[in-house]
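Below is one structure, written out as structure tokens; the observations come after it.
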Amino acid sequence: MAIYGGFAGTETTLAARNTIANTTTLSAERGSPTDSTDNHFNVLRMYDVDSTTILDGLTIQDGYALHAVFS
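If you count the sequence shown from 1, you need to add 112 to reach our numbering.
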């Protein structure tokens, strides 16, 4: 699996994208922009990833967790 950001929408190849000029943002923002406690916990979930999985050119932000426990 590969997920790429940085496209304006007119590119015809992966090499033509520009991640600086064309920011791709995945955000968990919802509700009030001034209240981070109403944001989603998960911004992105991926299953069965391995060493060939690619996330490239993305900004992931605004997730909210309170006392998260990871194991």
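Quick reminder that beta carbons are idealized off the backbone N, C-alpha and C, glycines included.
- Ranked by Cα distance from P145, the options E123, G175, I166 are led by G175.
- In the DSSP assignment, Y116 falls within the beta strand (DSSP E) that extends over 114-116.
- At a Cβ-Cβ threshold of 9 Å, F153 and A140 count as neighbours.
- In this structure, DSSP gives S139 an extended state, which the three-state scheme calls strand.
- The residues I166, L167, D168, L170, in chain order, have a CB closer than 8 Å to that of I115 in the same chain once the five nearest residues on each side in sequence are set aside.
- In chain order, R129 place their CB closer than 7 Å to the CB of E123, counting only its own chain and leaving out the 5 sequence neighbours on each side.
- Selection V155, M113, T131 evaluated against I172 yields V155 as nearest (Cα-Cα).
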